[in-house]
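Reading through the structure tokens given below for one structure.
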Amino acid sequence: VQLVESGGGLVQPGKSLKLSCSASGFTFSSYGMHWIRQAPGKGLDWVAYISSSSGTVYADAVKGRFTISRDNAKNTLYLQLNSLKSEDTAIYYCARGYNYGYWGQGVMVTVSS
Amino acid sequence: DVVLTQTPPTLSATIGQSVSISCRSSQSLLHSNGNTYLNWLLQRPGQPPQLLIYLVSRLESGVPNRFSGSGSGTDFTLKISGVEAEDLGVYYCVQSTHAPNTFGAGTKLELK
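Heads up: the sequence lines are chains A and B, in that order.
In this text, residue positions in the first sequence follow my numbering: the first is 1, and each later residue adds one.
In this text, residue positions in the second sequence follow my numbering: the first is 1, and each later residue adds one.
Printed below as a string of structure tokens:
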């Protein structure tokens, strides 16, 4: 099992970014997937979840600004980040399943002018 | 949202010492399907978190059996029976019974 995030970087407040999580080594379409973030020096903060049937749930802090999606044909999970704020600065991880059994290495998103 | 309260926030241990971490939930984590979705993760410095225990007490494959989980309802405990140097890092409990999922604030295990 491997999860590889990409798409991070430095972005100005109010701008957008799209993160990807490429999955391999398992049947991606069979699993719900999460995005979790970790601000510098802080704890883990759950962001969003998409079920195997594409139902979605969001944390209140990102609802209406972030969109989680998946492309089962490409074995890829996405997170569209809009209207970014400085407090969204964090490492963003994707993780698999109800038990968070596999994690990617994470991708850094820095929101700053 | 469910609040998970982890104690202590910091734990100092010597090699070989047994330690416990508590995770208390603001709501019962018993799902209507009979499962309790409470997991324990370890994050070593500079690394992503890794799963240690799932469904309260089930040891993830490859995790040493000095780690054990127990509890029910709202009170859960992770025990390390004989701390080793590789166990240092931050331990998190996470619940996936209720949406949104939530994490505890973490317990940092340090060497005394």
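Heads up, the beta-carbon is just placed ideally off N, CA and C, and yes, glycines get one too.
Distance CB(residue i)-CB(residue j) smaller than 8 Å
i                : j               : result
PHE103 (chain B) : LEU38 (chain B) : no
TRP46 (chain A)  : LEU79 (chain A) : no
VAL90 (chain B)  : GLY69 (chain B) : no
PRO13 (chain A)  : LYS85 (chain A) : yes
SER20 (chain A)  : GLY7 (chain A)  : yes
PRO100 (chain B) : VAL57 (chain A) : yes
SER29 (chain A)  : SER52 (chain A) : yes
SER18 (chain B)  : LYS79 (chain B) : yes
GLY101 (chain A) : LEU51 (chain B) : yes
LEU16 (chain B)  : VAL83 (chain B) : The identity of residue 16 (chain B) in the sequence shown is Gly, whereas the question assumes Leu. Cβ atoms of GLY16 (chain B) and VAL83 (chain B): closer than 8 Å.
Close beta carbons around residue i, own chain, < 8 Å, minus the five adjacent residues each side
i               : result
PRO49 (chain B) : LEU41, LEU42, GLN43, TYR92
Cβ-based neighbour list, residue i, same chain, cut-off 7 Å, excluding 5 preceding and 5 following
i                : result
THR7 (chain B)   : SER22
ASN99 (chain A)  : none
LYS112 (chain B) : SER12, ALA13, THR14
Residue i in three-state terms, based on DSSP
i               : result
GLU60 (chain B) : coil
PHE28 (chain A) : helix
ALA23 (chain A) : strand
GLU84 (chain B) : coil
ILE36 (chain A) : strand
GLY9 (chain A)  : strand
GLY71 (chain B) : strand
LYS79 (chain B) : strand
Assigned exposure category for residue i - 16 Cβ within 10 Å defines buried
i                : result
ASN33 (chain B)  : exposed
GLN157 (chain A) : The structure shown has nothing for residue 157 (chain A), since chain A only spans 1 to 113.
GLU86 (chain B)  : exposed
GLN38 (chain A)  : buried
VAL1 (chain A)   : exposed
Cut-off 6 Å between Cβ atoms - residues of its own chain near residue i, not counting five sequence neighbours on either side
i                : result
SER96 (chain B)  : TYR37
MET108 (chain A) : GLY8, ILE91
TYR93 (chain A)  : ILE36, TRP103, GLY104, GLY106
THR77 (chain B)  : SER20, SER22, SER70, GLY71
Under 9 Å from the C-beta of residue i: neighbouring residues of chain E
i                : result
PHE103 (chain B) : The chain labelled as chain E is not found among the protein chains of the depicted structure, namely A and B.
Every unbroken beta strand (DSSP E) within the segment 17-52 of chain B, with a cutoff of 3 residues, ordered by chain: Secondary structure in the segment 17-52 of chain B: the beta strand (DSSP E) runs of 3 residues or longer, each lying completely within the stretch, are 18-25, 38-43 in chain order.
Whole beta strand (DSSP E) elements within the segment 41-107 of chain A, 3-residue minimum: Counting whole runs of 3 or more residues, the segment 41-107 of chain A contains the beta strand (DSSP E) stretches 45-50, 56-58, 66-71, 76-81, 90-96.
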